[in-house]
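Engineer: Quick note on numbering: my numbering labels position 287 of the sequence shown as 288, and the sequence is numbered without any gaps.
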Amino acid sequence: MVGRIPVMDVMPLVDLGRHPAKATVGESLPVSATVFREGHDQLAAEVVLVDAVGERRSPVRMTKLPEPVDRYRAWVTPDREGAWTFEVHAWSDVVGTWLHDAPIKIEAGVDVDLMFTEGRLILERVLGGREAGDGDAAITPAETEVLRGALAAATDADRPVEARLAQLTSPEVVAALTAHPLRELVSVAGPFPLFADRERALYGSWYEFFPRSEGATRDAETGAVTSGTFRTVAERLDAVAAMGFDVIYLPPIHPIGEVNRKGPNNTLTPGPEDPGSPWAIGSRHGGHDAVHPDLGTIEDFDAFVARARELDLEVALDLALQAAPDHPWVTEHPEFFTTRADGSIAYAENPPKKYQDIYPVNFDNDPTGICREVLRIVRYWMKHGVRIFRVDNPHTKPLAFWEWLLKEVRRTDPDVVFLSEAFTKPPMMHGLGAVGFHQSYTYFTWRTARWEIEEYLREVSAESDHLMRPNFFVNTPDILHAYLQYGGPAAFKIRAVIAACGSPSWGVYAGYELFEHVAVKPGSEEYLDSEKYQIRIRDWEAAEAEGRTLAPYLTRLNEVRRAHPALQRLRNVTIHHADDENILVFSKHESGDRVLVVVNLDPHGTRETMVHLDLEALGLPADRGVDVRDEITGETYHWGQHNYVRLDPHHEPAHVLSVLTGQHAGQEAPA
Numbered sequence: 002m003v004g005r006i007p008v009m010d011v012m013p014l015v016d017l018g019r020h021p022a023k024a025t026v027g028e029s030l031p032v033s034a035t036v037f038r039e040g041h042d043q044l045a046a047e048v049v050l051v052d053a054v055g056e057r058r059s060p061v062r063m064t065k066l067p068e069p070v071d072r073y074r075a076w077v078t079p080d081r082e083g084a085w086t087f088e089v090h091a092w093s094d095v096v097g098t099w100l101h102d103a104p105i106k107i108e109a110g111v112d113v114d115l116m117f118t119e120g121r122l123i124l125e126r127v128l129g130g131r132e133a134g135d136g137d138a139a140i141t142p143a144e145t146e147v148l149r150g151a152l153a154a155a156t157d158a159d160r161p162v163e164a165r166l167a168q169l170t171s172p173e174v175v176a177a178l179t180a181h182p183l184r185e186l187v188s189v190a191g192p193f194p195l196f197a198d199r200e201r202a203l204y205g206s207w208y209e210f211f212p213r214s215e216g217a218t219r220d221a222e223t224g225a226v227t228s229g230t231f232r233t234v235a236e237r238l239d240a241v242a243a244m245g246f247d248v249i250y251l252p253p254i255h256p257i258g259e260v261n262r263k264g265p266n267n268t269l270t271p272g273p274e275d276p277g278s279p280w281a282i283g284s285r286h287g288g289h290d291a292v293h294p295d296l297g298t299i300e301d302f303d304a305f306v307a308r309a310r311e312l313d314l315e316v317a318l319d320l321a322l323q324a325a326p327d328h329p330w331v332t333e334h335p336e337f338f339t340t341r342a343d344g345s346i347a348y349a350e351n352p353p354k355k356y357q358d359i360y361p362v363n364f365d366n367d368p369t370g371i372c373r374e375v376l377r378i379v380r381y382w383m384k385h386g387v388r389i390f391r392v393d394n395p396h397t398k399p400l401a402f403w404e405w406l407l408k409e410v411r412r413t414d415p416d417v418v419f420l421s422e423a424f425t426k427p428p429m430m431h432g433l434g435a436v437g438f439h440q441s442y443t444y445f446t447w448r449t450a451r452w453e454i455e456e457y458l459r460e461v462s463a464e465s466d467h468l469m470r471p472n473f474f475v476n477t478p479d480i481l482h483a484y485l486q487y488g489g490p491a492a493f494k495i496r497a498v499i500a501a502c503g504s505p506s507w508g509v510y511a512g513y514e515l516f517e518h519v520a521v522k523p524g525s526e527e528y529l530d531s532e533k534y535q536i537r538i539r540d541w542e543a544a545e546a547e548g549r550t551l552a553p554y555l556t557r558l559n560e561v562r563r564a565h566p567a568l569q570r571l572r573n574v575t576i577h578h579a580d581d582e583n584i585l586v587f588s589k590h591e592s593g594d595r596v597l598v599v600v601n602l603d604p605h606g607t608r609e610t611m612v613h614l615d616l617e618a619l620g621l622p623a624d625r626g627v628d629v630r631d632e633i634t635g636e637t638y639h640w641g642q643h644n645y646v647r648l649d650p651h652h653e654p655a656h657v658l659s660v661l662t663g664q665h666a667g668q669e670a671p672a
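(1) So, helix, strand or coil for ARG563, using DSSP?
(2) With distances taken Cα to Cα, identify the nearest neighbour of TRP207 among ILE249, LEU458, HIS101 and THR227.
(3) If distances are taken between C-alpha atoms only, which option among GLY503, PRO353 and ILE346 comes closest to TYR360?
(4) Can you check which of these residues, ARG459, LEU597, GLN357 and PRO172, is closest to GLU259 by C-alpha distance?
(5) Can you list, in chain order, the residues of its chain whose CB lies under 7 Å from that of GLU560, leaving out five sequence neighbours each side?
(6) Rounded to a whole number of angstroms, what is the C-alpha to C-alpha distance between ALA567 and ARG310?
(7) Return the CA-CA distance between LEU602 and ILE584, expressed in angstroms with no decimal places.
(8) Report the three-state DSSP secondary structure of GLU669 (helix, strand or coil).
(9) If you draw a straight line from the alpha carbon of VAL673 to that of PHE587, how long is it in whole angstroms?
(10) Given this structure, state the Cα-to-Cα distance separating ASN573 from ALA483, to the nearest angstrom.
(11) Which value, in whole angstroms, describes the spacing of the CA atoms of VAL436 and LEU400?
(12) Should VAL89 be labelled buried (16 or more other beta-carbon atoms within 10 Å of its own) or exposed?
(13) Could you check what DSSP says for ALA133 in three-state terms: helix, strand or coil?
(14) Are the beta-carbon atoms of ALA501 and LEU551 separated by less than 8 Å?
(15) Could you tell me the alpha carbon to alpha carbon distance between GLU632 and TYR204, rounded to whole angstroms?
(16) Identify, in the order they occur along the chain, each residue of the same chain with its Cβ nearer than 6 Å to the Cβ of LEU320, setting aside the five sequence neighbours on each side.
(17) Using 8 Å as the threshold, is the region 157-174 in touch with the region 59-76, meaning 3 or more CB pairs across them?
(18) Pick helix, strand or coil for MET244, following the three-state DSSP scheme.
(19) Buried or exposed for ARG537, please, with buried defined as at least 16 other CB atoms from any protein chain shown within 10 angstroms of its CB.
(20) Check whether the Cβ atoms of LEU30 and VAL77 lie closer than 8 Å to each other.
(21) Taking the continuous alpha helix (DSSP H) assigned at THR145, which residues delimit it?
(22) Would you kindly check if the distance between the Cβ of PHE231 and the Cβ of LEU296 is under 8 Å?
(23) CB-CB under 7 Å to HIS20, same chain, minus the five flanking residues each way: which ones, in chain order?
(24) Quick one: is TYR645 buried, meaning 16 or more other Cβ sit within 10 Å of its Cβ, or exposed?
(25) Closest by CA to GLY370, which one among PHE402, PRO395, GLY386 and PRO326?
(26) Using the rule of at least 16 other Cβ atoms within 10 Å of the residue's Cβ for burial, across every protein chain shown, is PRO395 buried or exposed?
(27) What would DSSP say about GLN664, mapped onto helix, strand or coil?
(28) At the level of alpha carbons, what is the spacing between SER504 and VAL147?
(29) Cα-Cα, which of GLN486, THR446, GLU453 and ALA491 is closest to VAL475?
(30) Between which two residues does the beta strand (DSSP E) carrying HIS613 extend?
(31) What are the complete beta strand (DSSP E) segments, minimum 3 residues, inside the region 291-361?
(32) Measure the alpha-carbon distance for MET430 versus HIS467 and round it to whole angstroms.
(33) Considering just the uninterrupted stretch of the alpha helix (DSSP H) at PRO192, what are its terminal residues?
(34) Does the region 278-287 come close enough to the region 320-332 that 3 or more CB-CB pairs lie under 8 Å?
(35) Where does ASP631 fall in DSSP's three states?
(36) By a C-beta neighbour count over all protein chains shown, 10 Å radius and 16 as the cutoff for buried, is ASP198 buried or exposed?
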């Protein structure tokens, strides 16, 4: 039902309020609504947050946006984890109406005494506090003094009219009246649901490696490869932590099927020593609740998790709901799969790709049994210290299943985070976010032109932010974009800067720091000698000694992210302009912390251009310059609205500029 002051088209709203919008503890999020009324009297609106136990936070006043018409917005910030609701309150604003009408009439000599009388009554009501609403703060002594002075001016007919009006409409009086509004004809829209997750659901630097490759050895005489173990891979954690990563993500660690096992480069002719794909889960050694015997025991895994925790690393584990032909499920629960007309079980296909080593789960055959089994598996690994799951291909499973599973986990363990690996159509990606996935892989990998990146930054930060939190992976075991194949080391730097600064969560798959860039064939995004099908032994120490590593650069980017709260937030992106279409410029601003990012997207050529900043969006005056420090090189510059840049990708393809405290007048100097 429409209220006395209509409040319509409230956002954020997910699926008509059937699912909570995404929020994070400490991150501000915008609440907007269309608010209007009949006639010419003024109105006002505010947002009230209510936590899970019903405690109401102080109202946050909404401001009217330049466009669209009658659209209002306020930024609110949940301060604890859990379920929240918000309400939008709109009312007839007698104070706003008087502040609008009184100057016009008094300056025109119309109803002068009446206007001062109405002003006096408003001041008396505010000082009396009779209309104080839920969450309103008490009037401070300083505000009381200001309002009493205005009250005296309103009643002092001996003072000049101009002086009386000036005091009643002074910034101090207006601020006090705004802080203690008089609400008449109040309409309330809501409550509307939010859920505030822990910070890791929004912010983190991810690093992916295959445990079997880390610490693996090759016999010098026979060439035989021995798999790494959880004991040897734990030694690699120090280097990952030293690069500033927060999450160590492991592909499936379970026994790998022996039937239809894949060989190197996805061939169908494996040798007896070929390890197979970790995503072909299950063998005579066990299924999803077992550890591959080559990696060690569950006790070894526990020790690995404990060591990661000592280094402030969280372990993310792959959750891939599929089975190898020799998974225990195939004999114990054949109803979990699709049986074809010839009696065989259907393997996975994504034409023209075929996955003969994988049986997909059919959720229509025994949904209750499958749900029960998957929840058991998830809780098993939760008991072993896993609080983050990267879910493989969730878009190939029913949305209703994910809604149920994620709700069940959130009910008892709201700190557990799920990352969706769904490179698919936007409705499904957004749907997965709506039903509870905390993060999602994105199309970032395929956005390489300036206009594409700008559009995508706007989309993930301001259009889909209530549905889906992005995680910008620069590469994955499945995705080696042509930009990296042919862009040289500069391309690796460029993509890392954009990902690390453009999204609060970003990720790197091992080998990126070694500039691994060779595809299995032209036109393919698959790596040559893909680690999905074979163990890859990397000589990290030799690469470091010879300077063939991007690790110091990645380390610096993660240091900058940790030092700047602006880079830890999603909804604060502003796109700026450069004359050269190969120069990307964006900024992030959070509570006085301002970071400007200028990137040359051409990995082959130096670019010189003018950069034009929207200083108002940064909270800076347009007529004054500011000192900025390049967080990569340490150099300082003096920047203003228009700035010259020259970026050589073979030296340094990007500026990551922090605005230094204080503002400085003077001429703008080139960078």
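Glycine included, each C-beta is placed from N, C-alpha and C at the ideal position. Owing to the predicted nature of the structure, the values given are computational and were not obtained by experimental measurement.
Structural biologist: In short, the structure shows the following:
(1) helix
(2) ILE249
(3) From the listed residues GLY503, PRO353 and ILE346, the smallest Cα separation to TYR360 is found for ILE346.
(4) GLN357
(5) GLY245
(6) Each residue's alpha carbon lies about 26 Å from the other.
(7) Per the coordinates, the alpha-carbon of LEU602 lies some 6 Å from the alpha-carbon of ILE584.
(8) With a pLDDT of 35 at GLU669, under the threshold of 50, the modelled position of this residue cannot be trusted, and the question is left open.
(9) Given a span of 2 to 672 for the chain in the structure shown, any question on residue 673 remains unanswerable.
(10) 30 Å
(11) Our two residues, VAL436 and LEU400, have alpha carbons roughly 8 Å apart in a direct line.
(12) buried
(13) The predicted position of ALA133 is uncertain, since its pLDDT is 46 and thus under 50; a value taken from the coordinates is nonetheless stated next. ALA133 falls in the coil class under three-state DSSP.
(14) no
(15) 20 Å
(16) PHE390 and VAL392
(17) no
(18) coil
(19) buried
(20) yes
(21) 142-156
(22) In this structure, PHE231 lies closer than 8 Å to LEU296 by Cβ.
(23) ALA435 and VAL436
(24) exposed
(25) PHE402
(26) buried
(27) Reliability fails at GLN664, whose pLDDT of 41 lies under 50, so the model's placement of it is uncertain and no value is given.
(28) 45 Å
(29) Looking at the Cα atoms, THR446 is the closest of the given residues.
(30) 608-613
(31) 315-320, 349-351 and 354-356
(32) 13 Å
(33) If you look at PRO192, you'll find it isn't in any alpha helix (DSSP H); it sits in the beta strand (DSSP E) that goes 184-198.
(34) yes
(35) strand
(36) buried
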